[in-house]
Structure formats: C-alpha cells, structure tokens
Amino acid sequence: MTQTHSAGADAGADGYPRLGLFIAGAWSEGTGGRSEPVINPATGGTLGLLPHAGTADLERAATAAAAAFERWSRTPALERKRVLNRAAALLRQRIDAVARILTLEQGKTLAESRGELAAAADIFEWYGDEAVRLYGRLVPSRLPNTEHRVVREPIGPVAAFCPWNFPALTPARKIAGALAAGCSIVLKAAEETPGTAMALVEACRDAGLPDGVLNLVFGNPAEVSEFLIPHPAIAKVSFTGSIPVGRRLAAMAADGVKPCTLELGGHAPVVVYDDCDLDEVVPMLAGAKYRNAGQVCIAPSRFFVHGAVYERFIDRFAAHAAAIAVGDGLDPATGMGPMANARRVAAMERLVGDAQERGHAVVTGGGRAGNRGFFWQPTVVRASDDDSLLMTEEPFGPVAPIARFDDDADLVRRANRLPFGLAAYAFTGSRSRARWIGQALKAGMVGVNSLAVSLAETPFGGVKQSGYGSEGGTEGLDSYLVTKLITETVP
Ligand code: NAD
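Residue numbers (this note's numbering): 12 to 502.
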C-alpha cells in the first residue's frame with residue numbers, strides 16, 4: 012500500500028481514508044497480521060479496518076527514528092521552521108476534509124473539529140517559529156582564555172502516546188514540539204481515531220519532512236509501549252491519557268532512566284461567586300462543559316456555586332444543557348455529538364447511577380439518547396455532598412455535578428481535596444478575590460474569569476496525579492531538549 016492516504020485521492024466514498032502505518036516515509040499495512048475496526052460513534056457502524064503494527068514494524072519505526080535523528084537534529088533551525096510552518100499551512104488548506112474525518116471517527120461536531128484543527132495548525136506554526144529561538148548562554152569564565160558555552164540539544168528520538176479525545180491537538184503538541192527541537196518521533200496515536208493522526212502525518216510529509224523523522228504506528232497499546240519505551244533508540248517518552256496507564260508507562264521510562272512527560276487528566280473545580288455576572292458566566296461554562304461531550308481533560312467538571320446564586324445558577328445552567336441539540340456531529344444543527352466509545356457510556360451509567368443511589372437529584376438529562384451510537388444526554392446533577400463518584404472521579408463526559416458553598420475557607424479545601432490538579436477555574440467580580448483564588452487553587456492551569464488555559468504559546472500540564480512536565484509554550488519545547496555545557500580553553 013503505497014498510495015497517498017490523504018482525504019483526497021485515497022478516501023472512501025464517505026471521505027474516510029484507507030488506514031495504515033507510516034514508517035520510514037512509507038505507508039504500509041504492517042506485518043502484524045492483525046487489525047481492528049474503527050467505529051463511527053454516531054452510528055456504531057464500521058468506518059475502516061486499522062492494521063496493527065507487528066514487532067518487526069515497531070523495530071523498523073524505532074530504527075528509522077534513530078537514523079533520521081542524526082540528520083534532523085543537525086538540520087538548520089530555519090529549515091525546521093519552514094517545514095513546520097508549511098505543515099501548518101497545509102493543515103489549514105485541508106481543514107474541511109480532515110474535520111470530516113475527525114468527526115466521523117471521534118463524534119464531535121464539525122465546528123468543533125474545525126476549531127481543533129485550526130488550533131493544531133497554530134501549534135505547528137508556533138513551534139516552527141520557536142525553533143529559531145533555541146538560544147544558548149555564555150557564562151563568564153573565572154579562567155583565562157576560557158569560554159563556557161551552555162547549549163541546548165535535542166534529547167533524541169521520542170516515543171509518544173496519544174488518546175482519542177483530541178485526535179489532532181494532542182498529537183500536534185507532541186509532533187511539533189519534538190520536531191521543532193530537532194527530535195524524531197514514533198507516535199502511537201489512538202486506535203479509535205487514526206484517520207486524523209494520518210492527516211497530520213500527511214501534512215508533515217507534504218511539507219517536506221524527511222523520511223523517518225515522524226513515524227506513526229497503531230496496535231495493542233500495551234504491546235506497543237512495552238516495546239518502544241525500553242527500546243535503546245528511544246530517549247524520551249510523552250503520554251497523554253489516564254492515570255493508571257501513565258503510572259505504568261512512567262515506571263517503564265524510569266527503568267531506562269528516560270525522561271517522561273505525563274498529562275493524565277483531572278477533575279477541574281470551578282468556583283462561581285455570587286458577585287459575578289451569571290448572564291455571561293452560565294453560557295460560557297455550559298459551552299465549556301458540554302464541548303466534545305465533556306471528554307476534555309480541562310473541562311470545568313466540579314462546580315462550586317455560592318449559596319446566594321446557587322438556585323439561579325442551576326436553573327439557568329440546566330436550561331442551557333436541556334437546549335443542546337444532541338446528534339450526529341456531521342449534522343450542522345447538532346450542538347453536541349456522541350461520546351467517543353461505548354466505555355464512556357458505561358462510565359456515565361455508573362457515575363450517574365451512583366449519584367442517584369445517594370439521593371443526588373438529576374435536574375436534567377441522566378440517560379442515554381437515541382437508539383444507536385454512543386449518545387448521552389447533557390446532564391446536570393445537584394451534588395448534595397462531595398463524596399459521590401461524580402465528585403471524586405474524572406467524569407470525562409457530559410455530566411455536571413453542581414455543589415453549593417457558603418464558606419470561603421472550606422471552599423478551597425473542597426476544591427483542592429482530590430489527588431488531581433490539571434485545570435481549575437473561578438469566576439468573581441472582585442479583583443482582590445480574583446487574585447486570592449488564583450493563588451489558592453492547586454492546579455497546573457488556573458483560569459480566573461477566563462477559560463483560556465490551552466493555547467499554543469502557554470504551558471499546558473498538571474500537578475499532583477495529573478502528571479508532570481509541560482506541553483505548550485517554551486516549557487513544552489524544553490521537554491525535548493537537554494542542556495549541555497561546553498567549556499573550551501583556547502590553546
Ligand atoms: P485508557 O486508560 O484505556 O486509555 C487512555 C489512552 O491510553 C488511550 O488512548 C489508549 O490507547 C492509551 N493506552 C492504554 N493503555 C496503554 C498502554 N499500556 N500503553 C500505551 N498507551 C495506552 O482509558 P480510556 O478508556 O480510553 O479513557 C478512560 C479515562 O482516561 C478517561 O475517563 C479519562 O479519565 C482518561 N483520559 C484522559 C485523557 C487526557 O486528555 N488526559 C484523554 C483520554 C482519556
């Protein structure tokens with residue numbers, strides 16, 4: 012299988028591409044002899060068959076990345092910038108076709124898919140621009156005729172693992188960060204959403220990225236990570252996904268003393284004070300909560316609303332939720348698509364069921380929607396205490412538990428009590444309170460009167476069990492670099 016996999020020439024009648032692995036600059040079906048169906052979550056129908064990489068394919072990918080690293084790490088930064096900038100431009104040109112692929116395999120609305128792809132293109136562009144700013148340092152020497160040069164060098168080939176909720180954005184962060192720094196990469200993108208990752212690879216290839224610098228594999232996730240992470244060619248690991256998997260991959264990386272960046276989700280508290288403008292805040296928060304059917308690691312997901320506005324907030328929020336048109340993301344009238352897979356629907360049943368058993372009232376939604384695909388109604392639950400599964404486990408779905416608070420001191424304890432700390436939000440009309448709460452919330456990213464915590468140019472990452480390391484901004488680039496001192500005495 013050597014033909015193009017772009018959404019153009021090789022696409023099926025529905026615009027979905029023929030699926031494959033990309034190793035050493037060529038598409039193939041691999042040698043593993045295994046495959047799995049890719050499911051459209053809106054219909055439950057099969058979109059295509061995804062070939063799995065066998066051990067020989069993974070070995071070829073790691074070897075190709077190692078060989079390509081030798082060249083790419085020495086490629087002038089200006090050329091790396093040009094390739095990344097061209098990839099960004101190609102993604103923008105192809106946005107309609109790729110958005111359709113993304114929606115078909117992941118479920119989010121076409122408008123959301125387009126937004127995600129535009130953000131992915133921004134990431135390629137931003138990292139490309141940043142590649143030419145990887146400055147070093149000259150340390151004044153205490154010795155005569157001696158120079159201490161501090162340089163930053165690419166760490167080496169990267170093994171990266173991405174989930175299915177942002178099939179363009181998450182791979183874009185890992186690919187563009189690694190490539191800008193001068194690293195090569197073997198990416199295992201999510202088996203649920205391979206077509207979008209393939210489109211990113213096509214954009215890089217068509218932008219002139221040399222063979223072997225970017226390799227894309229799919230397979231049994233545990234087998235792939237167990238092969239790649241200890242592989243001698245791999246110098247760095249990056250993973251986005253769940254805490255249990257992250258813990259396992261980090262242990263494997265630690266065994267080889269390989270640095271690891273982990274983004275493991277969260278359960279973002281959002282504090283709503285009685286002095287903020289509900290007309291502005293409610294639509295903003297409902298939009299963020301139900302975006303991507305709630306499958307967003309930084310989604311506002313534990314609501315703490317001041318007692319003075321609690322009832323008004325719940326009424327308005329529930330009205331917003333109930334008005335969302337749930338349906339196939341390809342339909343322009345749809346406001347929220349399906350969940351990405353059957354596991355998420357089962358998880359919603361468990362979380363909402365637990366809340367109901369505890370007597371927490373479901374204000375709107377609370378069940379599956381439609382009779383095919385993986386739909387769940389936008390749901391609002393009155394959280395009468397903080398101990399339900401919904402208030403303690405990341406819901407990763409369109410369910411909003413809304414709790415009440417009256418006391419500031421206890422509020423901070425409640426907001427910070429979970430072992431996660433990815434994003435946190437607060438809304439208030441008071442400047443002093445805004446300053447105080449921004450400091451008091453324990454998270455890697457805090458939005459005060461704002462939800463803008465995920466941009467190409469700002470650091471993205473968590474604290475506590477939400478992981479470590481950053482994926483955006485200059486911090487994101489640092490994670491693909493090592494610092495080296497060269498002391499040179501002039502003879
Ligand atoms: P999961 O833990 O089975 O998988 C999460 C991701 O990790 C998937 O993309 C999967 O392919 C990959 N993965 C699984 N096992 C792996 C392994 N051994 N080696 C390498 N990769 C592996 O979970 P799931 O059912 O897909 O999602 C469940 C939970 O994961 C969600 O509820 C959410 O809490 C979390 N999650 C977080 C993010 C995030 O952005 N941080 C994204 C997706 C899922």
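A virtual CB, placed ideally from N, CA and C, is assigned to each residue, including glycine.
Assuming residue i contacts residue j under a Cβ cut-off of 8 Å, what Cβ separation, rounded to an integer in Å, is found between them?
i, j, result
"residue 435", "residue 410", "In fact, because the Cβ distance is near 19 Å, the residues do not count as touching under 8 Å."
"residue 166", "residue 493", "5 Å"
"residue 200", "residue 178", "7 Å"
"residue 80", "residue 195", "4 Å"
"residue 36", "residue 108", "Not really, about 22 Å apart at Cβ, beyond 8 Å."
"residue 203", "residue 352", "6 Å"
Excluding sequence positions up to five away, which residues of its chain have a Cβ less than 6 Å from the Cβ of residue i?
i, result
"residue 230", "63 and 64"
"residue 181", "173 and 251"
"residue 355", "408"
"residue 429", "278"
"residue 470", "481, 483, 484 and 486"
"residue 120", "340, 345 and 348"
"residue 51", "58 and 115"
"residue 263", "240"
"residue 501", "156"
Under 7 Å Cβ to Cβ from residue i, same chain only, skipping five residues before and after it: list those, please.
i, result
"residue 135", "95, 98, 99, 102, 183 and 187"
"residue 68", "32, 34, 41, 42, 43 and 228"
"residue 299", "310, 311 and 462"
"residue 66", "238"
"residue 110", "121, 124, 125 and 128"
"residue 287", "438, 439 and 440"
"residue 10", "Lying before the first or after the last residue shown, residue 10 is absent from the chain, which here runs from 12 to 502."
Starting from residue i, trace the beta strand (DSSP E) both ways and give me its first and last residue.
i, result
"residue 38", "37-39"
"residue 271", "271-274"
"residue 456", "456-459"
"residue 59", "57-62"
"residue 427", "Residue 427 -> not in any beta strand (DSSP E); alpha helix (DSSP H) instead, spanning 419-427."
"residue 393", "390-393"
"residue 352", "It is not in any beta strand (DSSP E) - residue 352 carries neither H nor E in the DSSP assignment."
"residue 159", "157-165"
"residue 33", "32-34"
"residue 249", "247-251"
"residue 282", "279-283"
"residue 169", "169-172"
"residue 499", "492-500"
"residue 411", "410-416"
Go to residue i, then tell me how far its alpha helix (DSSP H) extends in each direction, as first and last residue.
i, result
"residue 298", "289-301"
"residue 232", "232-239"
"residue 127", "121-142"
"residue 331", "321-333"
"residue 227", "Segment 225-228 is the beta strand (DSSP E) holding residue 227; no alpha helix (DSSP H) there."
"residue 82", "66-83"
"residue 102", "88-104"
"residue 185", "180-192"
By Cβ distance, which residues of its chain are closer than 8 Å to residue i, with the 5 residues on each side in sequence left out?
i, result
"residue 54", "339, 383 and 384"
For ligand 3, is there a heavy atom less than 6 Å away from the beta-carbon of residue i?
i, result
"residue 201", "By its list of ligands, the structure shown excludes ligand 3, since it contains just ligand 1."
| Segment contact flag, the segment 371-385 with the segment 277-291, C-beta cutoff 8 Å, min 3 pairs | no
| query | Any contact of the segment 258-270 with the segment 136-153, i.e. 3+ C-beta pairs under 8 Å? | reply | Three or more Cβ pairs closer than 8 Å define a contact, and the segment 258-270 falls short of that threshold against the segment 136-153.
| field | Segment contact flag, the segment 384-402 with the segment 329-339, C-beta cutoff 8 Å, min 3 pairs | value | A contact exists between the segment 384-402 and the segment 329-339.
| said: Does the contact criterion of 3 or more C-beta pairs under 8 Å hold for the segment 103-110 versus the segment 67-84? | reply: no
| field | Given 8 Å, three or more beta-carbon pairs between the segment 303-311 and the segment 361-369 | value | no
| On the three-pair Cβ rule with 8 Å, is the segment 437-457 touching the segment 398-407? | Below 8 Å, too few C-beta pairs join the segment 437-457 and the segment 398-407 to call them touching: fewer than three.
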